[in-house]
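Colleague: Got a structure here, written out as structure tokens. Questions coming.
Numbering (the working numbering), first residue to last: 698 to 900.
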């Protein structure tokens with residue numbers, strides 16, 4: 698019987714594990730040109746599907762080939778002071794939502810903005826770890842989270858980019874039919890700022 702020694706056991710941090718095995722989280726390997734699009738799709742899927750099986754409201758902005766923002770209306774649990782409960786590694790990333798955390802692990806910069814009962818809280822991350830304390834800001838929106846990811850170009854590859862056409866039908870599954878909701882995600886909720894910039898330049 699083969700025996701293992703302590704030297705043969707590797708212990709990975711959360712970020713190291715995501716970077717070593719991205720297919721476990723995003724369905725494709727690091728070498729796949731579809732990786733940036735799959736990262737976006739998983740983050741949007743997470744934002745769209747609430748814990749009770751209903752669909753929420755989501756807005757997507759694709760700012761550049763490797764930068765995107767996802768905004769949702771999911772309410773974060775708060776403490777007695779009205780602040781969001783700490784999430785992954787004490788950050789504003791909700792610890793019950795793994796997709797944003799794994800996307801942050803593949804990013805060089807992530808900005809998380811949480812709105813809770815009319816108060817806003819913002820934090821910048823380097824990878825999946827905090828790059829600074831939370832900052833409070835004024836907001837008119839009652840609840841929700843907006844997260845901006847700047848994917849690591851040295852990881853994804855210089856020629857890779859988020860696909861021009863993110864299809865809403867790719868963000869629904871059988872469980873959506875089993876739990877119908879009046880709010881649906883459509884192409885009108887996807888704003889590709891690259892395409893808008895090209896159209897403006899061509900006018």
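Glycine residues also receive a C-beta, built at the ideal position from the N, C-alpha and C atoms.
Which value, in whole angstroms, describes the spacing of the CA atoms of residue 727 and residue 801?
Modeller: One C-alpha to the other measures close to 15 angstroms.
Colleague: Quick check on residue 857: buried or exposed, where buried means 16 or more other Cβ atoms within 10 Å of its Cβ?
Modeller: buried
Colleague: Classify residue 713 as buried or exposed, calling it buried when 16 or more other Cβ atoms lie within 10 Å of its own Cβ.
Modeller: exposed
Colleague: I'd like the span of the alpha helix (DSSP H) that includes residue 726, first residue to last.
Modeller: Taken as a continuous stretch (DSSP letters only), residue 726 belongs to no alpha helix (DSSP H), as it is neither H nor E.
Colleague: If distances are taken between C-alpha atoms only, which option among 814, 798, 815 and 813 comes closest to residue 807?
Modeller: 798
Colleague: Please state whether DSSP places residue 781 in a helix, a strand or coil.
Modeller: strand
Colleague: Identify every residue that forms a DSSP beta bridge with residue 763.
Modeller: According to DSSP, residue 763 bridges with nothing at all.
Colleague: Looking at the unbroken alpha helix (DSSP H) that takes in residue 851, where does it start and where does it end?
Modeller: 850-853
Colleague: Just list the residues that DSSP pairs residue 888 with in beta bridges.
Modeller: 758
Colleague: Spatial neighbours of residue 776 within its chain, please: CB distance less than 8 angstroms, with the 5 preceding and 5 following residues excluded, ordered by chain position.
Modeller: Answer for residue 776: 782, listed in chain order.
Colleague: Which class does residue 903 belong to by DSSP, given the choice of helix, strand or coil?
Modeller: Outside the shown range of the chain (698 to 900) lies residue 903, about which nothing can therefore be said.
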